[in-house]
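Only one structure is covered here, and it is reproduced in the block below.
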Ligand SMILES: [Mn+2]
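Below, the structure is given as structure tokens:
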């Protein structure tokens, strides 16, 4: 018998554990495993330390069952999508099984099922179910599909392998509700976010033959629409779908009126080079920085654009 299944059989109270500030992969894999443990007739608790979980994830099966206090009677915890012990958000003292897909996983569990070739932890779990002849019911399929969709960024990830598509196909055949997953994970916006989106596109400016989109969002814009700061970033990323746009820049006022800059690139242009000039950081296609309020948003925009132009000249 598989060593994980053996541990599960021996345990009397199992906790499935999603990481703090969970995404659809962590909660989805925990949800699918929770279903299976119920089918095994086990006593099981669905745990996540974060109390205000993003409501767009409420469609996941058993969301209403999530507890924020770790049960003292638990004798086995199974963490999903956590790369390190710190990621658990609490100090787990009972036996621990670690199921994950992060390359940075520290193998902190008593048993570690870590497959870094999988795009999501739900793909790891799906393979585990399959290789142990565990049938996948529609509830499990939806939860597993949610993690796959989330971590592959809607099947658009650069490193996506054919196995992820094969997994998606089989999950849909098992009854995954892909329409609901797509609605809440890919398309979900609050009314406030839609209002902010309208405002941002209204004020968007294009530079350098339309290759650079620029947004300036004041603290008043955030307050008047009721949107959240993170809602701005979705619009920023979406602007890269304008045919001419390769680089997107957002200059946003924080509550304390300091300025946050966010940069995205869909070309070879490395936006982290720009962010580094303001002591920020990030990746080639995604970077950001913070500066104090000594410059207005307009001045800041000019300054960043000048650096981008210079960098484009160098790259030529
Ligand atoms: Mn993940």
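Numbering (our numbering), first residue to last: 3 to 318.
We put the beta carbon where it would ideally sit given N, CA and C, even for glycine.
- Are there 16 or more other CB atoms within 10 angstroms of the CB of residue 60, so buried, or fewer, so exposed? Indexing the chain shown from 1 puts residue 60 at position 58. So residue 60 ends up on the exposed side.
- First and last residue of the beta strand (DSSP E) that includes residue 264? The sequence position of residue 264 within the chain shown is 262, counting from 1. 261-267 is the span of the beta strand (DSSP E), which, as asked, contains residue 264.
- Query: Which stretch, first to last residue, makes up the alpha helix (DSSP H) that contains residue 10?
  - Reply: Indexing the chain shown from 1 puts residue 10 at position 8. Per DSSP, residue 10 belongs to the alpha helix (DSSP H) from 5-12.
- Item | Between the CA atoms of residue 309 and residue 274 - distance to the nearest angstrom | On the chain shown, position 272 is the one that residue 274 refers to. On the chain shown, position 307 is the one that residue 309 refers to. Between residue 274 and residue 309, the C-alpha separation is close to 12 Å.
- Message: Suppose you measure from the CA of residue 198 to the CA of residue 78; what does that come to, to the nearest Å?
- Response: Sequence index remark: in the chain shown, residue 198 carries index 196 (1-based). Sequence index remark: in the chain shown, residue 78 carries index 76 (1-based). So the two alpha carbons sit approximately 45 Å from each other.
- Message: Closest to residue 311 by C-alpha separation, out of 296, 251, 25, 293, would be which residue?
- Response: Here residue 311 corresponds to residue number 309 of the chain shown, with the count starting at 1. Considering only alpha carbons, the answer is 251.
- Task: Grab the span of the beta strand (DSSP E) containing residue 215 for me, first residue to last.
- Result: The count along the chain shown starts at 1 and reaches residue 215 at position 213. Start and end: 214-219.
- Query: Grouping DSSP H, G and I as helix and E and B as strand, with all else coil, what is residue 164?
  - Reply: Here residue 164 is taken as the residue at index 162 of the chain shown, counted from 1. Residue state, collapsed to three classes: helix.
- Beta-carbon gap between residue 92 and residue 72 smaller than 8 Å: As a working note, residue 92 is residue 90 in the chain shown. As a working note, residue 72 is residue 70 in the chain shown. Contact flag set, yes.
- Task: Let me know the secondary structure DSSP gives residue 288 once reduced to three states.
- Result: Counted from its first residue, the chain shown places residue 288 at position 286. In the three-state DSSP reduction, residue 288 falls in the strand class (E or B).
- Message: So, with DSSP's three-state summary, where would you put residue 87?
- Response: Taking the chain shown and counting its residues from 1, one reaches residue 87 at position 85. DSSP places residue 87 in helix when its eight states are reduced to three.
- Query: Would the stretch 147-155 and the stretch 28-39 be scored as touching if the rule is three or more Cβ pairs under 8 Å?
  - Reply: yes
- Query: Is the stretch 174-184 close to the stretch 203-211, with three or more CB pairs under 8 Å?
  - Reply: no
- Message: If you follow the alpha helix (DSSP H) that residue 123 is in, where does it begin and where does it stop?
- Response: Here residue 123 refers to the residue found at position 121 when the chain shown is read from its first residue. It spans 123-133 - the alpha helix (DSSP H) in which residue 123 sits, taken as one unbroken run.
- Expressed to the nearest angstrom, what Euclidean distance is found between the alpha-carbon atoms of residue 108 and residue 257? Along the chain shown, one-based indexing puts residue 108 at 106. Along the chain shown, one-based indexing puts residue 257 at 255. Distance between the alpha carbons of residue 108 and residue 257 is about 37 Å.
- Message: Is residue 27 close to ligand 1? I mean its beta-carbon at under 7 Å from any heavy atom of the ligand.
- Response: Working through the chain shown from its first residue, we reach residue 27 at position 25. Yes.
- residue 153 lies in the alpha helix (DSSP H); which residues open and close that run? As a first step, residue 153 must be located in the chain shown, where it is residue number 151. Segment 140-153, the alpha helix (DSSP H) holding residue 153.
- Query: Out of 299, 296, 301, 261, which has the shortest C-alpha to C-alpha gap to residue 290?
  - Reply: As a first step, residue 290 is located in the chain shown; it is residue number 288 there, counting from the start. Among 299, 296, 301, 261, the Cα nearest to that of residue 290 belongs to 261.
- Report yes or no: do the stretch 266-283 and the stretch 239-253 share at least 3 C-beta pairs separated by less than 8 Å? yes
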